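Residue numbers for the sequence shown follow the working numbering, beginning at -11 and rising by one. Glycine included, every Cβ here is placed at the ideal spot set by N, Cα and C. Here the structure is a predicted model, which is why all the values come from computation and not from measurement. For reference, the structure is listed below as C-alpha cells.
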Amino acid sequence: LSFSTEPHDPETGTAIPRLTPRHFSFNSPEGACPNCSGLGTSLSPDIEKIIPNSALPIEKGAIAPWNRAHPKMRIFYRTLGREFTQYAKIPALTPFKSWPEKWKKIFLHGSQGHPLLKKRSWEGMIPELSRQLHEAKSDSARHRLQRFFSTGACTLCSGTRLQPSPLSVTLTSPSGETHSIATLCQQTASDALQWLTHLKPTSGPTSHSFAPLQTALTQRLSFLEQLGLGYLTLDRTMDTLSGGEYRRTRLATQIGGGLTGVLYVLDEPSIGLHPSENSRLLNLLFQLRDLGNSLIVVEHDEETLRRADYLIEFGPGAGTAGGQITGQGTPKEISALPQSLTGAFLSGRRKIRITTKKTSFTDWLHLKGVTTHNLKKVDFSIPLGAFTCVTGVSGSGKSSLVFDTLANALLRHFGTPSSAPLPGPYQSLVGTDSLTRAVVIDQSPLSRQSRSHPLSLLGVWDDVRKLFASLPSAKARGFGPSRFSFNVRGGRCETCSGLGEIAVQLQLLPEAIAPCPACGGERYNRETLTVTYRGHSIGQILQLPVDRALELLRAIPPLANALGALQKVGLGYLPIGQSADRFSGGEAQR
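Below, the structure is given as C-alpha cells:
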C-alpha cells in the first residue's frame, strides 16, 4: 500500500498540490493553463474566413486557403475538390451553400476515419488547417495560415487562464455569493469592490492577514471607480483598452502606490471621458498633488485649464510658427493676456462658432437587435449624408455598437470578410444600398517607421518619384522611378542609407542624431539631386512644409489632393518628408 500526505479530490482521486500565490498567477508555470500557456485564448479555424463567399462553387474559388496556396498546390487542391464533388455526386458548379448538409459537414470536419476518396479517409478542411498550423516551421507559413483562424476562449480552461487546482479555491461573502479567483476577475471593478467590501474573514491561523489585503484591494478598486473605470472587468487585457482607459488605469496604480515627492507627466488624461466624469478625474489628480507630488499635464480640456494651479501656453502657431511661450501664470492671469489664444477663449473674448445644422434627412441606416457586450437588443438608426455623434459615459456601449458591431458588419458587407473581425451579434442591417464602401478610422497608431512620411502614408509618394523620372534631365541620364527611392541602392545616399541623418556614438552618453554629412539631410546622392523640378531637387522637396509644397506641386492632381487634405486638417506646417516616428499624437491622428 502507498499513502500520500498531499490533498486530493475525493471523487476523482486527483492530487492537488499545496497551493502558493504562484499557483494563482497565469504568468507562472505553476498556475498557467498548459493548453494556452496562461493566455486564456486559442486559435480555431473560422468557417467564414475559410469560405468567405459560400455562393461560389469550390471549382470557382470558394475555398480561400486553396486560393492562397502555391500555384502547384492550387492545381492539386482543384483536382482534389473535383474528386470530392464527383464522389458526393454534387454538380461541379453547385454553390457551396447549396450542398447537402451531410457533405458540407464531411468536407469541413472530415470523414472521421471512414474511407472516401481512393479508399482513403477525408481529413477535412478544419482538421487539415489545424494540423498545418501546428506543423508550420516558419513565421511566414504561420502568418499565412492564421488569417483563416479566429481567436476564441481556450477549450481547456474556458478562458480562465489557470489550472483546475487554484480554481477549486473559493470565497463566500455573508450574502452567500461565492467566487473563485477566475469568477471574481470576471466581475466589473465596481461589482468586485462591493463584494470585497462585505467579505468577512474566517477564523484560523491566517485570519490576521485578511484585513490589510482587503484594505489594499478595496482601495485600488475604489481608485478605478473614481476614475470612471468601474465598468471594466478585472480580467480585461491591457491591449483591449482605449488610450484613455490605459492612461487612467496607470494613474490609478500611481495613486494607489502612495508615493510622495514625485513629478508626474500626463498626456491628455481627459481623452475619452464624458464631461460628467471629468471632475472625478481632476479630483484624483489633485489628491495626487496633495500627497506632496507635482503634476505636469498636457491638456486642452477647458475644465482642466480653469482648475489648474498654473498654466503655460505655447504658440503662437504650429511647427515653425510655434516654439515660443506666449503666456504663463494662473488661469486668471492668462485670461487677461491680450496675446494669449487660450486666454481669449477662457475669458470669453473668443467663442467657437456653431455651424448650420441639417434638419431634414432622406436616407437612413438601420441596425436592429444589437446585443454586443452590454447592449440590450438596441435598435440603432442614423441619418446618411449627415454628421452624427454617438455620446455617453465611458463603458455605456458606444464602441461596442459603432466599432464592434456596425463598422465590422459594414466592412464584411462591402467585401472584406477575410480581414474584418466578426461583428457583434445583431438581427438585421438595412439601408446599405445608399452606401458604396465603409472606411474605419480609430485610435490605432500609424506605422511609426523612420522611412515612412506623410506622402508615403497617403499613398502618393510614387507620384513624386514618377514626376521626377519623367523630367528630361532624368530621362537623359536613364533614371527611372526607382532612382528616386531612398529605400534602395542606386539613388540614395549610402552614407546614411537614405535616412538623411546618422547616429553619433557618445561613449557613456546616449547616441545623438545629426544630419548626414554627405547629403546634408537630403537623403540622396549628388547625381540624383541634380534632377530638379521648378528649381527643387527631390531632397529639397522633402524638406518643404505642406503649405509650400502645395504651391509647388499644385499642377499634379494626386499630390494637390493629398497635400490639400493635410492642409485642411491643420498640418500645413509639417515637412512632407518628416519621419512618421517623429509625429506627435495629434499629428499622427490627423
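Counting only residues of its own chain and dropping the five nearest sequence neighbours on each side, Val390 has a CB closer than 7 Å to the CB of Val378.
If you draw a straight line from the Cα of Phe72 to the Cα of Leu105, it is about 7 Å long. With a cut-off of 8 Å on Cβ pairs, the region 202 to 219 is in contact with the region 234 to 242, counting three or more such pairs.
By the CB criterion at 7 Å, Leu155 and Ala170 fall inside the cutoff. Leaving aside the five residues that flank Phe349 on each side, the residues in its chain whose CB is nearer than 8 Å to its CB run, in chain order, Pro371, Leu372, Gly373 and Ala374. In this structure, Cys484 keeps its C-beta atom at 7 Å or more from the C-beta atom of Asn513. When the alpha-carbon of Pro503 is set against those of Arg511, Leu497 and Leu496, the nearest one is in Arg511. For Pro103, the enclosing beta strand (DSSP E) begins and ends at Pro103 to Leu105. Residue pairing of Tyr234 in beta bridges, as defined by DSSP: absent, with no partner found.
Contact check for Leu554 against Val448 fails: the beta carbons are separated by 7 Å or more.
Per DSSP, the unbroken alpha helix (DSSP H) holding Thr516 starts and ends at Arg514 to Leu517. Taking 3 residues as the shortest admissible run, the region 440 to 509 contains the following complete beta strand (DSSP E) segments, listed from N- to C-terminal end: 489 to 494 and 497 to 503. Residue pairing by DSSP places Glu301 opposite Gly315 in a beta bridge. Cβ-Cβ separation between Leu530 and Ile564: approximately 6 Å, consistent with a contact (criterion under 8 Å). Excluding its 5 nearest sequence neighbours in each direction, Ile300 has C-beta neighbours in its own chain below 8 Å: Ile313, Gly315 and Gln316, listed in chain order.
According to the DSSP assignment, Ala306 belongs to no beta strand (DSSP E), since it is labelled neither H nor E. CA-CA distance, Gly552 to Phe333, rounds to 28 Å. The DSSP-derived three-state label of Ala548 is helix. Across the set Asp297, Glu290, Ser32 and Pro545, the C-alpha of Asp297 shows the shortest separation from the C-alpha of Leu283. In the three-state scheme derived from DSSP, where H, G and I count as helix and E and B as strand, Ser146 is classed as coil. Linking Pro326 to Asn271 through their CA atoms gives a straight-line distance of about 30 Å. Beyond the five residues adjoining it in sequence on each side, Ala537 comes within less than 7 Å, by CB distance, of Ile529, Leu551 and Ile564 in the same chain, given in chain order. Leu31 and Thr143 do not touch by the CB rule: their CB atoms are close to 11 Å apart, not below 8 Å. By the beta-carbon neighbour count (other beta carbons within 10 angstroms, threshold 16), Ser197 is exposed. Residue pairing by DSSP places Arg108 opposite Leu105 in a beta bridge. Approximately 12 Å separates the beta-carbon atoms of Leu423 and Leu394; this is outside 8 Å, ruling out the contact. Taking the C-beta atoms as reference points, Thr160 is found no nearer than 7 Å to Thr185.
Taking each of Lys60, Thr347, Val381 and Pro413 in turn and checking the Cα distance to Lys364, the smallest one comes out for Pro413. The alpha-carbon of Ser525 is positioned some 53 Å away from that of Leu276.
When Ala543, Thr420 and Gln495 are compared, the shortest CA-CA separation from Leu455 is found for Ala543.
Per DSSP, Gly140 lies in no alpha helix (DSSP H); the unbroken beta strand (DSSP E) holding it starts and ends at Phe137 to Ala141. Pro45 is positioned such that its CB atom lies closer than 7 Å to that of Pro83. Between Ile38 and Phe137, the gap from beta carbon to beta carbon reaches 7 Å or more. Annotation for Leu517: Glu510, Ser525 and Gly527 place their beta carbon closer than 7 Å to its own, counting only its chain and skipping 5 residues before and after.
Residue environment: Phe12 is assigned as buried (16 or more neighbouring CB atoms within 10 Å of its CB, all protein chains considered). Around Gln415, the same chain offers Lys356 and Gly357 as residues with beta carbons nearer than 7 Å, after the five sequence neighbours per side are excluded.
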